[in-house]
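Here's the structure we're looking at; comments come further down.
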Ligand code: BES
Ligand code: MN
Ligand code: ZN
């Protein structure tokens, strides 16, 4: 979608659709002016309660030549005092989804940008995120496929010039989110471990990052047995993908982002039940978020040194597959009794965490993983689980979540949770009781981070949405990209 910024009066601007905001409690100047131009049509809608300005409501009307805009899209903003960036972002997201439903490909937005000085970013981001769609596998009605063409942001005098650079930055972040969404949307037979590696190489070529992919032989030689074992039941070989972005010339230690890249999780020999198993193509959403974040960071030229590490494998049942009872010597040397092959995420991550910590001596490590069903039970689909070993890091991630609208919720990580993860035969087992499942999983990971500052995000409930949300049409959400970028900006 092309984006333009112009400072002009919305009342004089010709466009197929003009988006304006409406408050529940009283109307602003623009609303009143539009109402007057339409002979009181808007106040009539309010009087009859056909449109009340409630948050996340929209209403499209034709202007029949009484305004230069052919249509008006009214977008509810809720109570005037409660308006903030997130509400504005959601309003913009709802607006584009209503425009898509009406197949209006060009529009202008005059949402109020008074309040916070990041309102322009929020309005633009909401529109870009809400306009996402994925229809690569639809072959029918190709010709009628709807694509947005252009959005014009109508700004008050004075900020149009600087507006352009600010919008380019928003675009960069949304590019990263779209990449993550695309990767998660692709089915498991397309988005294989090799596909993730090829994507990383492409990113590296396009944004001058450096990319290394460790193949099976090297993984075996290094002793990344936990990663290798998980991949053994699949014809798609496991890989370790490493992407490096150097945005800061000083020799400061890098921050490492690690993403779980299980391209399909059948559960292995501890096979998952059939119904809903197709959703397990999303088990590489952590990897997708890391790739999206690296792309966005590079486009934004963030002044940080960043390493993305993706352990990737397909978890399948097979004669060659690893099995319950097997004991693995992980890269760190710690031995793990496999009590459930479906607890595979922590296995590939434990080797990646150890690799990251010993190779890069990072200042910080953050991992993202669709790690546990228990996290979905605990938090549903409204927040990612957050745990870690460093108060400052956890608090920074919480603040980033609040600012960008990707919610996180901290769970405790007390030592007592580790009791059920101790094995009779090895140092650890990979699955304990079901109780406190997302915490025991994080506790397992913690055994591999040493003293490195580390945080873990369980995105099992947030990587995919069965319902349409204001800034995220049904399906892959791209969760993690905006959160990490906001965190890396260190505001
Ligand atoms: N990939 C799943 C977790 C998951 C569940 C992600 C639902 C997204 C939605 C993970 O590998 C898994 O199977 N975890 C098991 C762990 C258990 C065997 C200890 C789980 O949560 O049941
Ligand atoms: Mn699993
Ligand atoms: Zn999994």
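Residue numbers (the numbering used here): 216 to 706.
A virtual CB, placed ideally from N, CA and C, is assigned to each residue, including glycine.
In this text the structure is predicted, and so the values were computed from the model without any measurement.
Taking every residue with its beta carbon within less than 5 Å of a heavy atom belonging to the ligand BES gives, in chain order, 480, 498, 555, 557, 558, 560, 585, 587, 588, 646, 675.
When the alpha-carbon of residue 617 is set against those of 699, 687, 574, 646, the nearest one is in 699. Distance from the Cα of residue 418 is smallest, within the candidate group 221, 434, 321, 390, for 390. Relative to the ligand MN, the beta carbon of residue 600 is positioned no closer than 7 Å to any heavy atom. Between residue 653 and residue 644, the C-beta gap is not smaller than 8 Å, which leaves the two residues out of contact. Its Cα nearest to that of residue 510, the residue 395 stands out among 229, 296, 395, 221. Annotation: the region 514-581 contains the following complete segments of the beta strand (DSSP E) (minimum length 3 residues), in chain order: 520-530, 542-544, 550-552. Only residues of its own chain outside the window of five on either side were considered, and among them 234, 368 have a CB closer than 6 Å to the CB of residue 324, listed in chain order.
Beyond the five residues adjoining it in sequence on each side, residue 572 comes within less than 6 Å, by CB distance, of 665, 667 in the same chain, given in chain order.
Annotated three-state conformation of residue 352 is coil, per DSSP. Relative to the non-hydrogen atoms of the ligand MN, the Cβ of residue 409 never comes closer than 7 Å to any of them.
DSSP places residue 659 inside the alpha helix (DSSP H), whose first and last residues are 652-661. Residue 237 and residue 279 have their C-alpha atoms some 21 Å from each other. Take residue 588, set aside five residues on each side of it, and the residues of its chain with a beta-carbon closer than 8 Å to its own are 652, 675, in chain order. Fully enclosed beta strand (DSSP E) runs of no fewer than 3 residues occupy 579-584, 599-603, 623-625 of the region 573-655, in order along the chain. Residue pairing from DSSP places residue 366 in a beta bridge opposite 218, 322. Rounded to the nearest whole angstrom, the C-alpha separation of residue 447 and residue 584 is 20 Å. In this structure, 392 is the residue among 289, 343, 392, 248 with its C-alpha nearest to the C-alpha of residue 501.
Judged by pairs of C-beta atoms under 8 Å, the region 301-320 does not touch the region 243-261, as fewer than three such pairs exist.
By the CB criterion at 8 Å, residue 546 and residue 441 fall inside the cutoff.
Look at the beta carbons and you see the region 565-581 touching the region 536-550: at least three pairs across the two are nearer than 8 Å. Every alpha helix (DSSP H) of 4 residues or more that sits fully in the region 429-496 is shown, in chain order, as 431-437, 440-446. If you check the C-beta of residue 482 against the ligand MN, you find a heavy atom less than 7 Å away. In the DSSP assignment, residue 235 falls within the unbroken beta strand (DSSP E) covering 233-237. For the 8 Å CB-CB criterion, residue 478 and residue 408 form a contact. In summary, residue 263 is exposed, with fewer than 16 beta-carbon neighbours lying within 10 Å of its beta-carbon over all protein chains present. Between the ligand MN and residue 530, a heavy atom-to-CB distance of less than 7 Å is present. A straight-line Cα-Cα distance of about 39 Å links residue 437 and residue 349. In this structure, residue 429 lies away from residue 503, with their beta-carbon atoms at least 8 Å apart. At least one heavy atom of the ligand ZN lies closer than 7 Å to the C-beta of residue 477. Across the structure, residue 488 and residue 634 are spaced so that their CA atoms are roughly 28 Å apart. Around the Cβ of residue 490, a 10 Å sphere holds fewer than 16 other Cβ atoms; the residue is exposed. DSSP places residue 308 in the uninterrupted alpha helix (DSSP H) bounded by 300-316. If you draw a 10 Å sphere on the C-beta of residue 434, you find 16 or more other C-beta atoms in it, and that means buried.
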